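Participant:
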Amino acid sequence: MTQTSDFRFKKQHVKTARGRTAASARWIQRHINDRFVLMAKQQKYRSRAAFKLLGIEDKFHVLRGSQVVVDLGAAPGSWLQVVRKVAPQARVIGIDLQEIIPLDEVQLIVGDFCDQANQQLLQQAFQGKVSVVLSDMAASASGDRQVDHMRIMHLVRTALDFARLNLRPNGNFVAKILRGGEEAELLQEIRKSFKKVQVYKPEASYNDSAEAFIVAQGFKGVPT
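Going by the working numbering, the sequence shown opens with residue 7, and the numbers climb by one from there.
#1: Please list the segments of the beta strand (DSSP E) lying wholly inside the segment 73 to 107, counting only runs of 3 or more residues, in order along the chain.
#2: Exposed or buried, which one is N213 when buried takes at least 16 other CB atoms within 10 Å?
#3: Does at least one heavy atom of the ligand ATP sit under 8 Å from the Cβ of A96?
#4: I need the DSSP call for R163, collapsed to helix, strand or coil.
#5: In chain order, what residues of the same chain lie with their CB nearer than 7 Å to the CB of T8, ignoring the 5 residues before and after it?
#6: From this set, Q49, C120, G83, P108, which residue's C-alpha is nearest D167's C-alpha?
#7: Does the distance from the CB of V83 to the CB of I107 come in under 9 Å?
#8: Residues in the same chain with beta-carbon distance under 8 Å from V203, minus the five sequence neighbours each way, listed in chain order, please.
#9: Rounded to the nearest angstrom, what separates V92 and L69 at their Cα positions?
#10: If you run the structure through DSSP and keep just helix, strand and coil, what is K58?
#11: Is it right to say R151 is buried, meaning 16 or more other beta carbons lie within 10 angstroms of its own, or is it exposed?
#12: Entirely within the segment 106 to 172 and at least 4 residues each: give me those alpha helix (DSSP H) ranges in chain order.
#13: Mark V153 as exposed unless 16 or more other C-beta atoms lie within 10 angstroms of its C-beta, in which case mark it buried.
#14: Leaving out five residues before and five after R170 in sequence, what residues of the same chain have Cβ atoms less than 7 Å from its Cβ?
#15: Please identify the residue among R54, D40, G79 whose C-alpha is closest to the C-alpha of I158.
#16: Nearest to Q104 by CA position, among V112, G117, N178, is which residue?
#17: Can you have a look at K1 and say buried or exposed, based on whether 16 or more other CB atoms are within 10 angstroms of its CB?
#18: Label S215 either buried or exposed according to how many other C-beta atoms from any shown protein chain fall within 10 Å of its C-beta, with 16 as the threshold for buried.
#19: What are the partner residues of N178, as DSSP defines its beta bridges?
#20: With C-beta atoms as the reference, is R97 less than 9 Å away from Q87?
Have a look at this one:
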């Protein structure tokens, strides 16, 4: 279970540097004073994103008892670390455009998940059906929220197609979205294939962020 309430730290301040924008200074200030950043360092997770998946797991139990877990957009590897902790019995495969520092008992693929050839590599790696498909994929920020929303919706739909092809019955699908107007239609589509679908914003997601996670449980097959 994620433990957050008793963590204490001393607030740090960022000095203004020549050439640093006010926005970047604010980001650094928030980052160094972020309790999830500090907790990630303390608990040896590679990023604060670990606590997003831990929060999802605490509420929905999507990982426990899993046999095969695929993590899409896995860099730097904090979600992979969580999977190894929560489901140590699972076979774990991660893919990302960026190289990931190796982790024990985790198979890694470097490449673009949207490339069909790389999806075939994933299928060869797990050789059967998957218990859970996780997607923390996101395109590089464009500066335009609606553009970013549409890009991540495309990634989620691609991940959903993969999940529908490869999940075993009653499998689970978790995917990051950015709210922006298209998610309602996407949720209707996902509900055709899963018994229970919810949108959840973990405590570790920033309050001012449009980020949320679709948690789809109980795969019931491809809609006809």
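All residues carry an ideal CB built from backbone N, CA and C; glycine is no exception.
Note that the coordinates shown come from a computational prediction; the quantities given were computed from them, not determined experimentally.
Facilitator: On the basis of the supplied data:
#1: Look at the segment 73 to 107 and you find these whole runs of beta strand (DSSP E), each 3 residues long or longer: 74 to 78, 97 to 102.
#2: What you label residue 213 is simply residue 207 of the sequence shown in a count that begins at 1. Flag for N213 reads exposed.
#3: Looking at this structure, you won't find the ligand ATP or any other ligand, since it has none at all.
#4: Taking the sequence shown and counting its residues from 1, one reaches residue 163 at position 157. R163 falls in the helix class under three-state DSSP.
#5: Residue numbering aside, residue 8 sits at position 2 when the sequence shown is read from its first letter. Since pLDDT at T8 reaches only 39, below the 50 mark, its modelled position is unreliable, and the value read off the structure follows with that caveat. F57, L60, G61, D64.
#6: Position 161 of the sequence shown holds residue 167. Of the candidates Q49, C120, G83, P108, C120 places its Cα closest to the Cα of D167.
#7: The sequence position of residue 83 within the sequence shown is 77, counting from 1. The sequence position of residue 107 within the sequence shown is 101, counting from 1. For the sequence presented, residue 83 should be read as Gly rather than Val. Taking 9 Å as the Cβ cut-off, G83 and I107 qualify as a contacting pair.
#8: Mapped onto the sequence shown, residue 203 falls at position 197. L193, I196, R197, I220, V221, A222, Q223.
#9: Here residue 92 is taken as the residue at index 86 of the sequence shown, counted from 1. Here residue 69 is taken as the residue at index 63 of the sequence shown, counted from 1. Rounded to the nearest angstrom, the gap between the Cα atoms of V92 and L69 is 7 Å.
#10: Against the sequence shown, residue 58 aligns to sequence position 52. In the structure shown, K58 sits in a helix (DSSP, three-state: H, G or I).
#11: Within the sequence shown, residue 151 is the residue found at index 145, counting from 1. Exposed, because fewer than 16 other Cβ atoms sit within 10 Å of the Cβ of R151.
#12: Counting only runs of 4 or more, we get 122 to 132, 151 to 172.
#13: Within the sequence shown, residue 153 is the residue found at index 147, counting from 1. Its Cβ having fewer than 16 others within 10 Å, V153 is exposed.
#14: As a working mapping, residue 170 is identified with position 164 in the sequence shown. Excluding its 5 nearest sequence neighbours in each direction, R170 has C-beta neighbours in its own chain below 7 Å: S199, V228, listed in chain order.
#15: As a first step, residue 158 must be located in the sequence shown, where it is residue number 152. Of the candidates R54, D40, G79, the one whose C-alpha sits nearest the C-alpha of I158 is G79.
#16: By 1-based counting over the sequence shown, the position of residue 104 is 98. Selected option, being the one with the closest Cα: G117.
#17: With the chain covering only 7 through 230, there is no way to say anything about residue 1.
#18: Counted from its first residue, the sequence shown places residue 215 at position 209. When all chains shown are included, S215 counts as exposed.
#19: Working through the sequence shown from its first residue, we reach residue 178 at position 172. Looking at the DSSP assignment, N178 forms a beta bridge with V138.
#20: Walking along the sequence shown from the start, residue 97 turns up at place 91. Walking along the sequence shown from the start, residue 87 turns up at place 81. Going by beta carbons, R97 and Q87 fall outside the 9 Å limit.
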